[in-house]
Amino acid sequence: METPSDHAYPDHWEADVVLRDGGTARIRPITTADAERLVSFYEQVSDESKYYRFFAPYPRLSDRDVHRFTHHDYVDRVGLAVTVGGEFVATVRYDRIDERGLPATAPADEAEVAFLVQDAHQGRGVASALLEHIAAVARERGIRRFAAEVLPANNKMIKVFRDAGYTQKRSFEDGSVRLTLDLEPTAESLAVQRGREQRAEARSVQRLLTPGSVAVVGTGRVPGGVGRTVLRNLLEAGFTGRAYAVNHAFAEDLREVDGVPAFRSVAAIGDPVDLAVLAVPAGRVPEAVADCGRHGVRGLVVLSAGYAESGAEGLERQRELVRQARSYGMRVIGPNAFGIINTAETVRLNASLAPEPPERGRIGLFTQSGAIGIALLSGLHRRGAGLSSFVSAGNRADVSGNDILQYWYEDPDTDVALLYLESIGNPRKFTRLARRTAALKPVVVVKGARHSGSAPPGHAVPVTRIPDATVSALLRQAGVIRVDTVTELVDAGLLLASQPLPAGPRVAILGNSESLGLLTYDACLTEGLRPSPPRDLTTAATPEDFRAALTTALSDPVFDAVVVTAIPHVGETGTSDPANGGALGTTLREAVASAPGKPVVVVHVEIGGLADALAAVEGSARGPAAPTPGTTPPPPRPAGEAAAPAAPPAPAVPPAPASSGRIPAYPAAERAVRALAEAVRYAQWRRQSAEPGKVPESLDDTIDQNAAAALIERLLGDTPDRHGVPLGAADTRELLGLYGIPVRPTLPAPGPDDAVAAANRLGYPVALKTTAPHLRHRSDLGGVRLDLADEAQLRLAHRELTESLGGPAELRPVVQAMAPRGVDTVVRAAIDAAAGAVLSFGLAGAPSELLGDLAHRLVPATDRDVAEQIRSIRSAPLLFGWRGSTPVDTPALEELLLRVSRLVDDHPEIVSVTLEPVVVATRGLTVLGANVRLAPPPARDDLGPRRLPSY
């Protein structure tokens, strides 16, 4: 008889997931307390689905069935359920079997698996999500294969297995299809999983941004207040769906507020509601969420404050908000949010506190701060830029920048993604999504809280401990344009949204001020661009002179971009003509339109009307006027119908963005050039990313991955210290040697006789150095003596070392054979719990330690990554023949970086590696010192089954 297991309930198997249609559900282990839920669930499954599950009519579950399906040992017998609103909508179960198909225990590594999905939830991707999670559970319990018996007519289930991406075998036996799946993740299964994740998360955001109906919960009974303001903004934007005002304090006979239907609860609304905006005190939010969930609301924007930003009690309140919303299948923007905007003609949604809605445009904007959101909206509006969508996520307890990137990736209305971030909850996932999105459209990020070492109040996310400079380098590796201020964010966004990408760094400068031209020229050099000498049109230049000069520069193949500088034109009377700015702007736009294909930016000093004229586009408009209060709103859409159709798949090869007709204008040369330089660097990254790098297969011939794994297992032991263990010198050399990284050995030299014996064994010339931590690699303090050619020199060096710096017990001196002369470098790899493995490179000593001149790349690194990494440090010229010196063997250095990357990628137990110094000579290199630290491997959330974060 089966009995409940002594194994503890595996709560780490619980997960919230986003389904194919954008709704959420919870996956959790089935327990003995679920008997009634299981029976209720089974009663709602059709006879056909029951037949597919049991291969025979099976109208109801017996008591024995219920007991068997709710009693698991969580090792050999496991059941998972998908719940929505606390009720089962799907189940999956595996039973470990032996080679004869009979019940078994470990070490048997095969299990029989079976699914059952309620008919009303079929087609939502429930079974696919369940398969990912039950497969991860099985791998954790030592099961390597699933076997499934499926009736040939059960096409949906066969497709779930077939499309999962696992290696599988199929056979036809006794009237059923037998499927065997190898559960080892493959590149295909990972790609399938991430593709499903992208489509589901994008759809969940689309449901929030394209509602057919919106209820503002907490609409005030009198004008003013947050709820009434949101309702007013919603109406003034011309929302194309149906709006409702909700407040439990409304009088029972109140029918309308501001011309829209008024109700005391969401449940009282007879029609479907897609989105609810909650503007009620935090204490009333749970009641409002339950009201929305029972009515089938699809998503929430929570403006209410009083959550994690207010302390521990608020943090728990925030977690409960997310748990409650997800239990009903709803996603949450907020709490403490500023709101959302979608300017699409088919939606015209302004469910925010923004007093001035933006124009329609091609920029997507995400912020984690309402105040910054207001500033950015105002700045973009003032400079004539339009938005496609805006999300201010507040405490980002659920919907985050990662979700918005998933949506923007395939949104045809968004050409540029701008993000203001104060925390990155999942850096691994963010860089992965950003890299994919940046291959199609620019992603520009400004990050607050860079140096505080902690997340801002309200952001209950893991905190990465890697330096901000490292974060910046990793973002740039992913193609992200990292800027320092919100002003630069707007500057870059304006250029990228309105101008084509430059083909290179060659810049033409023209204008009517020699001084402003020289400032622009200097700024170009500072930013690494290649400017031509400025062309001075003189202060007497007319708009036609500008047109002729700009047309010439745009048609000249020598230039990749043009910077136009302009000061006010002063006539004979000594005054400037206010109309001249408008005329100049119109002329410049006409010139650009006649010769498109290159980016143009304008630097101007106090020219009235010029910026407006440059930003003007014929036919541009804010959108239709808002309906007059009291008029009849449009009819409601059918339940579940979004305001806009789903976006088409993104093109495989992104076209270069075309000019919108606007020309970005800047009040300072430095700002214009910095934005242009970011566009140049991004365009170069995009061209290179079209042909990604690779890891040379030749490395495999000199790498013994299995032997290294066995060595690591032995060194860690049965009960590894979670804080990690440093390896001794011999073990370090052995482990690195298995990856083709030889380390020059050292021999201890506590006394002069020991030093001489070691030198005789290694061969002269030798080096004598201390290994004391405070003197390690400190030749400037006398802790390293080089090129000791004979016994006399060695004995003298040993005596001087111990007399000046301390006794042998303190110094721990060692002898090492001399390496060929070269450039001393340092190679490191370290694991950050949030960001993952990071590969670092720099020159040893002052450049890396004092100046922080290090380059970083995410692991696994490719040949292109390491080549760029070596060349990106400021002191790189020392490797390539600076001041007539002989260039060193950088190909050997690139290979070493690839080997270290491969080592930490293959073995997550290696939490840090330091090779210092690595002497790179004209031919070959020598690793003189190495340290390795092992620890139990950290969790890899990005490789497990998809799940929503839980902070």
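Here the sequence shown stands for residues 130 to 1080, where the numbers follow the numbering used here. We treat Cβ as the ideally placed atom computed from N, Cα and C, and that holds for glycine.
Option nearest residue i by Cα separation, candidates the options
i: Leu925; options: Asp882, Gly951, Arg890; result: Asp882
i: Leu654; options: Leu805, Ser169, Gly523; result: Leu805
i: Tyr181; options: Gly271, Ala277, Thr212; result: Ala277
i: Leu923; options: Asn889, Thr900, Ala948, Val952; result: Asn889
i: Arg815; options: Pro571, Arg664, Ala896, Gly790; result: Pro571
i: Ala164; options: Leu679, Thr199, Ile462; result: Thr199
i: Leu876; options: Asp860, Thr861, Pro672, Leu897; result: Leu897
i: Gly109; options: Thr543, Gly254, Arg274, His733; result: Summary: the structure shown does not reach residue 109, with the chain confined to residues 130 through 1080, and so no result is reported for it.
i: Ala678; options: Pro629, Arg332, Val402, Val729; result: Val729
i: Val204; options: Thr715, Gln297, Ile159; result: Ile159
i: Glu820; options: Ala884, Ala235, Arg993, Pro314; result: Arg993
i: Ala316; options: Glu978, Gly294, Ala839, Glu330; result: Gly294
i: Ala546; options: Asn555, Ala235, Phe495; result: Phe495
i: Ala607; options: Thr369, Ala884, Leu569, Gly463; result: Leu569
DSSP three-state assignment for residue i, whether helix, strand or coil
i: Arg794; result: Just to set this straight, residue 794 is Ala in the shown sequence, not Arg. Reduced to three states, the DSSP call for Ala794 is strand.
i: Ser333; result: helix
i: Tyr549; result: strand
i: Val146; result: strand
i: Pro855; result: strand
i: Glu165; result: helix
i: Thr369; result: coil
i: Asn835; result: helix
i: Leu1101; result: Within the shown structure, residues of the chain are numbered from 130 to 1080, placing residue 1101 beyond reach of any answer.
i: Val94; result: Because residue 94 is not part of the residues shown, which for the chain are 130 to 1080, the question remains open.
i: Gly714; result: helix
i: Thr1055; result: strand
i: Gly1073; result: coil
i: Glu278; result: strand
i: Ile736; result: coil
i: Pro780; result: At Pro780, the pLDDT of 37 sits below 50, so the modelled position is not reliable; the number obtained from the coordinates is stated separately. Three-state DSSP puts Pro780 in coil, outside helix and strand.
i: Ser175; result: coil
i: Gly349; result: coil
i: Leu647; result: helix
i: Asp620; result: helix
i: Gly170; result: At residue 170 the sequence reads Phe, which differs from the Gly that was named. In this structure, Phe170 counts as helix in the three-state DSSP scheme.
i: Ala88; result: Coverage of the chain is limited to positions 130 through 1080, which leaves residue 88 absent and any answer about it impossible.
Check whether residue i and residue j have beta carbons under 8 Å apart
i: Ile792; j: Val1056; result: no
i: Glu474; j: His510; result: no
i: Arg222; j: Val207; result: yes
i: Val573; j: Val612; result: yes
i: Val431; j: Val395; result: no
i: Val619; j: Leu505; result: yes
i: Glu1091; j: Arg1075; result: This structure cannot speak to residue 1091, because the chain is shown only from 130 to 1080.
i: Gln497; j: Leu562; result: no
i: Ile469; j: Leu482; result: no
i: Leu972; j: Leu1007; result: yes
i: Ala621; j: Leu683; result: no
i: Ala801; j: Val692; result: yes
i: Arg1062; j: Gly853; result: yes
i: Leu148; j: Arg253; result: yes
i: Ala858; j: Leu630; result: no
i: Val146; j: Leu1077; result: yes
i: Thr978; j: Ile999; result: Reading the sequence as shown, one finds Glu at residue 978 and not Thr. Not in contact: Glu978 and Ile999 (Cβ atoms no closer than 8 Å).
Within-8 Å CB hit, residue i to chain B
i: Tyr650; result: Annotation note: the requested chain B is absent from the structure, which comprises a single protein chain.
*Should the segment 364-373 be called in touch with the segment 339-353, which here means at least 3 C-beta pairs below 8 Å?*
For the pair of segments examined, the segment 364-373 was found to touch the segment 339-353: the number of CB pairs separated by less than 8 Å reaches three.
_In chain order, each alpha helix (DSSP H) run of at least 4 residues that lies wholly inside the segment 181-255_ = Correct list: 192-199.
_the segment 636-650 touching the segment 664-683, judged by at least three CB pairs closer than 8 Å_ = yes
*Would you call the segment 149-165 and the segment 453-473 in contact, with 3 or more CB pairs under 8 Å?*
Between the segment 149-165 and the segment 453-473 there are three or more inter-stretch CB-CB distances shorter than 8 Å, so the stretches are counted as touching.
*Would you check if there are 3 or more beta carbon pairs closer than 8 Å linking the segment 1047-1064 to the segment 1005-1022?*
yes
_Please give the ranges of any beta strand (DSSP E) in the segment 852-892, keeping only runs that are unbroken, at least 3 residues long and fully inside the region._
875-877
*What are the uninterrupted segments assigned as beta strand (DSSP E) that are 3 or more residues long and contained completely in the segment 668-696, given in chain order?*
690-695
*Assess, as a yes-or-no matter, whether the segment 334-341 is touched by the segment 397-407 under the definition of 3 or more beta carbon pairs within less than 8 Å.*
yes
*Is there contact between the segment 518-529 and the segment 437-450, where contact requires at least three CB pairs shorter than 8 Å?*
yes
*Do the segment 709-721 and the segment 823-831 touch if we need at least three Cβ pairs shorter than 8 Å?*
no
_Count Cβ pairs between the segment 512-523 and the segment 407-416 that sit closer than 8 Å; are there 3 or more?_
no
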